[in-house]
Every structure is written in structure tokens, then in C-alpha cells.
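>
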Amino acid sequence: MRTQILNGKIFTPNGWIENGSVLIKDSTILDVLNHSNRLSMADNVIDAEGAYVLPGGIDIHVHGGGGRDFMETSEDAFVTAVEAHRAHGTTSIFPTLSSSTAEMICDASVTCEKLMLDPMSGVLGLHLEGPYFNPKMAGGQLRENIRIPDPQEYVPLVEQFKCIKRWDAAPELPNTEQFARYLRSKGVVVALGHTAARFEDVERAYRAGFNLATHFYCAMTASHKEGMYRHDGTVEAVYLNDGINVEMICDGIHVPPVILKMIHKMKGTEHVAIITDALACAASDSKTAFDPRVIIEDGVCKLADRSALAGSIATMDRLVYTCVKKAKIAIEDVARMASETPARIMGVYDRKGSISYGKDADICIYNPDLVLTHVIQMGREIPVAAPDFI
């Protein structure tokens, strides 16, 4: 099966191709052309009508969607959530577990590894957000699951389950340097999050292998006063360390658009990934989350006592729209932060993250108003869900 996307403004690693076309064979990009002449070999044609043709979104931090949460650990829950986000422009996904028991991590890993055997699933690995966090910065995490890093727990998990691709922890906790060095030796991305780390903690963590900041600005300290004196926080330490990448929740609520713009300006496109941090109620008519403590109010998930935000109801198309329309970030930079940068962070840029010859045919088309019109995942066209944020 050969599909040709015609009349597109195609974003490639070398820049834009105006009025170009993309030729797809089965699940792979066969060619990127600087013209829109219909090829006789094309079995199927998609007319982009001058719209933006961008690489498919890669979400490296997402807890659920379509009314289901990855903490349910079942195959049905995983598939339902993945498909819900796919219809909004996420063509590759790293399902995320909040702070969990070892048993839940095992169960979710079994499901994740099964789905990873099928390239069409879009599931690229498991992300563990916790449970090794600072209890004072728990936010929406389940406090009863938060604990200190224990090699007797994490080593057997990583040895048994190769699907674990990322693990987040608070670097000021005991044993985190040992934790990070071990994980990095196994090729696992180590991120700092839910933390009150100071500059020296972050520098020490970076040397041990931490190279990503979880939902930057959220559940971490910034410059603050203790008594008469002002002290640095995790935010400033991350800004000053050029080797630490960041991810930002771009729903326009967790982080205001002006700060999204500032993060992009200071860290740079190549060090910023955009994420949903979405809960089960994203891409769904559901008004409840997996965690009974969570409510939906003002377009975001909150703890019922309103002490903290607890995740988003965002989807990838909303991230793109918010970054361009509200934060005023150039669409080419947003395209890279949605695809290329997360692919590089997670080590899958050899097959994902750009519209290039030989890569997986994961492509999204957005019209000039930045409304998603087409999703192609592994070469197959996916029905698009209507946006609920415009």
C-alpha cells in the first residue's frame, strides 16, 4: 500500500518544503518530495490543501485518557487510553504510572511489554513517575506510595522488565546517586521531579545521570526566601545546567503561556519536550479520574481540597495550539518539541520524530488555524477527534 500526501507545507529536519508531498509505503516514509505531482504508484492520496504537515506527536508523560488510567494496568485500559490520544495527534506514547506499589509496576510492565511487541500499538516504553519523591512536594501523588530508593526493589524490576525506559525521582533523597548510575547503565532515562532540590543537589544529580526535569516548574521549588535571605530552587538550577532537558505541560494552565515562552527561550527547542501529563478524563466525556481525590474544575485536574493541580485533560493538538497561539512560539519549534526533542530524549530518533526517508510514517496535518485534520500512524490513517479547547 502506497499513500501520497499532496499539497502540504511539510516540516522536515532541513526546514519547510512548500507545496511538497510525502510518499509512504506501508508503515514507512519512502520519500519526501519538493513537488505535488501525483505519482502513478500511489494507491491512496491525501490532499493537505496547503496545511502544515508535521511529524506525529510523541508524548513522554501521560497517565491516561479516554476514561482509562494506565495505573489500572490492564491491556484494555492501555489500549483505550492510547487510542484516545492517537485521535488527537499522539502517534507514539510512553504510558506513565504515578507513584505505585511494586506489584502495580510489575502488572503494568507485563501489559506494556505485550503491546510493545506490536509496532502498530504506538507504545514505546513505560515511564515511572515515582515513587521515590520528596513527600513535601507530593502534589497529586499518592503519599502512601512515596518511599526512598531501594535497590532491592528497583534493580529486580529493571532487570526483569526491559519496557522501563524512564524513571523519575527527587535527587535530594538518600541513595539517588546510586539509583541514577544504575539506571543509566541500563539505558533508562532518569528525571528529577517532585523535588525541593537546591543547586548543589541538581549538579550532583546531573553528574550521576539525571538529565531531564519532570513537568518543569510544577512540583519543584523556585527562588524563595527562608527568613531574611533568598535561596535558589530547582528551577534556577535546571536553567543553569545546559545538560538537563525539560518537559513542560502546555495546557496553558499548569504553566502560564508567558512562562512557556520563557522556558523555550532560555532552554532552547532542542532541550524542551511538550507533554500532556493527562489523566483518564482527557479525550473523554468522563468527569472522574482514576484517583478518587481528583476533581475536574476550570479545565484542569485538581485535588478535591484544591491544594494542588493533579494533572491535565490536555491532548497533543491542544499542546500545539497553546504553544503557537498563546505562547507565541514558532510552529517549527513547536513541531520539534512535540516530536524530535522527545524522540531524542528517549533514544528513538532513529525511527521516530521527523518526516524523513526510512522513518516510521507518523504524520499529523494541521490546518492554518492549527486544527488537527489528519493523523497517520505507522502509515494508516486514523479518524481524528474534534478539538474541545477552541
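This note's numbering puts the first residue of the sequence shown at 1008, with every later residue one more than the last.
Note that beta-carbon positions come from the ideal geometry of N, C-alpha and C, so glycine has one too.
Can you tell me whether Ala-1263 is buried or exposed, with buried defined as 16 or more other CB within 10 angstroms of its CB?
The sequence as given places Pro at residue 1263; Ala does not occur at that position. Burial call: exposed.
> With distance defined between alpha-carbon atoms, name the residue in Val-1195, His-1095, Ser-1105 and Gly-1096 nearest to Gly-1132.
Here the closest residue by C-alpha is Val-1195.
> Look at the Cβ atom of Leu-1286, then the Cβ atom of Gly-1074, and state whether they are nearer than 8 Å.
Contact: no.
> Between Ala-1280 and His-1201, is the Cβ-Cβ spacing less than 8 Å?
Cβ atoms of Ala-1280 and His-1201: not closer than 8 Å.
> Pick from Thr-1097, Arg-1325, Pro-1102 and Thr-1098: whose alpha carbon is nearest that of Phe-1085?
Of the listed residues, the one whose Cα sits closest to Phe-1085 is Pro-1102.
> If you run the structure through DSSP and keep just helix, strand and coil, what is Arg-1205?
Residue state, collapsed to three classes: coil.
> For Thr-1295, write down the residues that DSSP places opposite it in a beta bridge.
Answer by DSSP bridge pairing: none, since Thr-1295 is not bridged.
> Please name the residue, chosen from Cys-1225, Ala-1321 and Ala-1334, that lies closest to Asp-1395 on a Cα-to-Cα basis.
Comparing Cα positions, the closest option is Ala-1321.
> What's the gap between the Cα of Met-1123 and the Cα of Gly-1063?
For Met-1123 and Gly-1063, the distance between alpha carbons rounds to 18 Å.
> Looking at the secondary structure, which residues open and close the beta strand (DSSP E) in which Met-1255 lies?
Run containing Met-1255: 1252-1256, per the beta strand (DSSP E) assignment.
> Quick check on the DSSP output: what are the complete alpha helix (DSSP H) runs of length 4 or more inside the region 1135-1207, in order along the chain?
Counting only runs of 4 or more, we get 1158-1167 and 1183-1192.
> With distances taken from CA atoms, which of Val-1117, Ile-1031, Glu-1243 and Arg-1154 is nearest Gly-1137?
Among Val-1117, Ile-1031, Glu-1243 and Arg-1154, the Cα nearest to that of Gly-1137 belongs to Arg-1154.
> Given that a residue counts as buried once 16 or more other Cβ atoms are within 10 Å of its Cβ, and exposed if not, what is His-1238?
Answer is exposed; the Cβ neighbour count stays below 16.
> Is DSSP giving Tyr-1059 helix, strand or coil here?
The answer is strand: DSSP assigns Tyr-1059 an E or B state.
> Can you find the residues in the same chain that come closer than 6 Å, C-beta to C-beta, to Glu-1166, ignoring five residues on each side of it along the sequence?
Excluding positions up to five away in sequence, the list is empty.
> Select from Ile-1065, Pro-1020, His-1231 and Thr-1010 the residue whose C-alpha is nearest the C-alpha of Ala-1350.
Here the closest residue by C-alpha is Ile-1065.
> Whole angstroms is fine: what's the gap from Ile-1251's alpha carbon to Ile-1352's?
Their Cα atoms are separated by approximately 10 Å.
> First and last residue of the alpha helix (DSSP H) that includes Pro-1264?
Looking at the DSSP string, the run of the alpha helix (DSSP H) that includes Pro-1264 is 1264-1274.
> Give the straight-line distance between the Cα atoms of Met-1048 and Gly-1386, rounded to the nearest whole angstrom.
One C-alpha to the other measures close to 16 Å.
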